[in-house]
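What follows is a set of notes on a single structure, which appears directly below.
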Amino acid sequence: MTDKPDLMNIDYARKPLQRENMKKIAEGGFCPFCPEHMKKHHTPPIVKTGAHWYVTPNMYPYDNTAHHFLIVTNEHIADSKELTSEAWAELQEHMNWIMEEHEIEGGTLLMRSGDMTKTGSTVLHLHAQFIVGSDPDKAVITRVG
Ligand SMILES: [Zn+2]
142 MTDKPDLMNI DYARKPLQRE NMKKIAEGGF CPFCPEHMKK HHTPPIVKTG AHWYVTPNMY
202 PYDNTAHHFL IVTNEHIADS KELTSEAWAE LQEHMNWIME EHEIEGGTLL MRSGDMTKTG
262 STVLHLHAQF IVGSDPDKAV ITRVG
């Protein structure tokens, strides 16, 4: 576990740069996905912002992906039970927007919610991931644990 197990779990980092950056963030003691902190470490642009979520390319995309977006709640929450019906509807709108913008014909939406030791999530702040595979011969596998 990390020095800030309440915010991140570095043990679940998949890439060396991700692990290195997460250690720096842990030293700073801030939540990496809260909007006011995101630009301190995340170099891809915020491509869309709504009332409940913002959208940005994942800085550490899964292997064999053509697109890997993060759709992150504006508010610091950890559990999807805290989402309103309006927030769920906006998540759908963001997914539709991504698919239209990039002419995507199929993708995977996933969201880890709650206790990171049960989900394999690296950051506690609630976020969805929209993933599109790049190789039709390889399924996009999500890593848990
Ligand atoms: Zn946060």
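Per this note's numbering: the sequence shown = residues 142 to 286. Using N, Cα and C, we set each Cβ at its ideal position, and we do this for glycine too. Since the model is a prediction, treat every value here as computed from it, not as a measurement.
Here DSSP, grouped into helix, strand and coil, assigns Met200 to coil. In terms of Cβ geometry, Pro202 and His209 form a close pair [threshold 7 Å]. In the structure shown, Gly169 falls within a helical segment according to DSSP collapsed to helix, strand and coil.
Below 8 Å, too few C-beta pairs join the region 226-233 and the region 170-190 to call them touching: fewer than three. The Cβ-Cβ distance between Leu265 and Leu148 falls below 7 Å. Relative to Asp276, the option among Asn205, Phe174, Ala154 and Lys181 whose CA is nearest is Asn205.
Annotation: Asn215 to Ser262 spans about 18 Å, alpha carbon to alpha carbon.
If you draw a straight line from the Cα of His243 to the Cα of Thr260, it is about 29 Å long. When the beta-carbon positions are compared, His235 and Cys172 stay at least 7 Å from each other.
Pro176 is the residue among Met200, Met252, Pro176 and Val273 whose C-alpha sits nearest the C-alpha of Gly191.
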